[in-house]
Amino acid sequence: MFVVDELGTIITWNPGVHTVLGYDEREFVGRNVRMLVGADDIAEGVIDRERIAARGGGNISLRRWHKRKDGTLVWGDGHLVALHDGESFVGYAFVVRDDSDSKLIEGERDLASRQKDRFLATVSHELRMPLMAVLGWIRVLQQGGLSDDEAQNAFATIERNALMQRRLIDELLDCAKVVSGTLSVERAPVDLRAIVVDEIESMRIIVAEKDIRLDVDIAVNSLVVSADGDRMHQVVGNLLSNAIKFTLDGGTISVKLKRKDSIAEITISDTGVGINPEFLPFLFERFRQAATSGPLSEFGVGLGLCIVRELVELHEGTITVSSAGIGKGATFIVRMPI
646 MFVVDELGTI
656 ITWNPGVHTV
666 LGYDEREFVG
676 RNVRMLVGAD
686 DIAEGVIDRE
696 RIAARGGGNI
706 SLRRWHKRKD
716 GTLVWGDGHL
726 VALHDGESFV
736 GYAFVVRDDS
746 DSKLIEGERD
756 LASRQKDRFL
766 ATVSHELRMP
776 LMAVLGWIRV
786 LQQGGLSDDE
796 AQNAFATIER
806 NALMQRRLID
816 ELLDCAKVVS
826 GTLSVERAPV
836 DLRAIVVDEI
846 ESMRIIVAEK
856 DIRLDVDIAV
866 NSLVVSADGD
876 RMHQVVGNLL
886 SNAIKFTLDG
896 GTISVKLKRK
906 DSIAEITISD
916 TGVGINPEFL
926 PFLFERFRQA
936 ATSGPLSEFG
946 VGLGLCIVRE
956 LVELHEGTIT
966 VSSAGIGKGA
976 TFIVRMPI
């Protein structure tokens, strides 16, 4: 607590001021209370409104940012009390405690809520898009009049969109298992080389359509690990699909598989859109995606990498990501015990 006179000049100090705001007594007493208020709040007349309200009502709640000696901000929770000597008004008592932790938690909660809202909006969009394509082509087929080639193209489009929707539903189910801690793997001896080669082959048509150069460096004839084969297909397929998705036409994707002592190492790198270094720590979190300029349908719902990390860790492995920044590509490295 500290006291100011009616003009806002600070006239008392106690050790709590140093704890919360960083000021010693000689640095604090005699200065104007405005030094504790941010420039925006001063411009908006916050301090004056508070003092007028307290003088009129005797006591007001005080919840706002306060500026510390070092320029950082602390969220203060307290009261502003008008002081009187008899009938004469003499000043104000500021009672402030540091409540930054609860403000941080509140901010994190708000952020999580916004992320979930965006996620739900994206999921709604993602589920509708392939369904609308399927329904559209079904109506065209019902009307008849298509040539055999056109009909085959229609069936292929329906199948592609149905598979797209199934993938999203599978991701949603896996995400629910991640949240509940029930995502599991069934391990058996599997050839990691065969899995990587299969996933590469399954993507070659898409790679060719985007004129992407695919550099493959597999330094082993066979690399057997104890793993869930289906889940490892999911890991490699997701990382490779992401690389293709975020690499512009004419770019390059590199896939490497090698053994380092008792570790199997898969490296997938690309020359794509890259990742802001500030976002890297959050890349594997649920519902998180770096901002992009592309449509939602192009960039998905932000679940795949969260599931990939969980699957890798269930295999007692690790996954890391690096990027030199926006426009400079990204590299993912999965390491699995042999």
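The sequence shown runs 646 to 983 under the working numbering. All C-beta atoms in this analysis are idealised placements derived from N, C-alpha and C, irrespective of residue type, glycine included. On a predicted model such as this, the values are computed, not experimentally measured, just so you know.
Buried or exposed (CB count within 10 angstroms, at least 16 for buried), residue i
| i | result |
| --- | --- |
| residue 794 | exposed |
| residue 773 | exposed |
| residue 729 | exposed |
| residue 948 | buried |
| residue 804 | exposed |
| residue 881 | buried |
| residue 955 | buried |
Residues near residue i in its chain [Cβ-Cβ closer than 6 Å; skip 5 each side]
| i | result |
| --- | --- |
| residue 963 | 980 |
| residue 708 | 722 |
| residue 657 | 647 and 648 |
| residue 901 | 862 and 912 |
Residue i in three-state terms, based on DSSP
| i | result |
| --- | --- |
| residue 978 | strand |
| residue 725 | strand |
| residue 963 | strand |
| residue 867 | coil |
| residue 657 | coil |
| residue 694 | helix |
| residue 910 | strand |
| residue 736 | strand |
| residue 829 | coil |
Pairwise C-alpha distance: residue j and residue i
| i | j | result |
| --- | --- | --- |
| residue 920 | residue 673 | 45 Å |
| residue 926 | residue 759 | 19 Å |
| residue 968 | residue 975 | 5 Å |
| residue 930 | residue 712 | 32 Å |
| residue 671 | residue 755 | 40 Å |
| residue 984 | residue 844 | Outside the modelled stretch of the chain, which goes from 646 to 983, sits residue 984, for which no answer is possible. |
| residue 816 | residue 952 | 8 Å |
| residue 800 | residue 923 | 44 Å |
| residue 681 | residue 736 | 17 Å |
| residue 854 | residue 897 | 13 Å |
Cβ-based neighbour list, residue i, same chain, cut-off 7 Å, excluding 5 preceding and 5 following
| i | result |
| --- | --- |
| residue 836 | 867, 868 and 869 |
| residue 873 | 830, 831 and 832 |
| residue 903 | 864, 865 and 910 |
| residue 734 | 651, 700 and 727 |
Anticipated Cβ contact below 8 Å, residue i with residue j, distance rounded
| i | j | result |
| --- | --- | --- |
| residue 699 | residue 726 | 7 Å |
| residue 809 | residue 775 | 5 Å |
| residue 745 | residue 719 | 5 Å |
| residue 907 | residue 983 | 5 Å |
Neighbourhood of residue i by C-beta distance below 8 Å, restricted to the same chain and skipping five residues each side
| i | result |
| --- | --- |
| residue 654 | 675, 676, 677 and 678 |
| residue 695 | 705, 707 and 725 |
| residue 783 | 803 |
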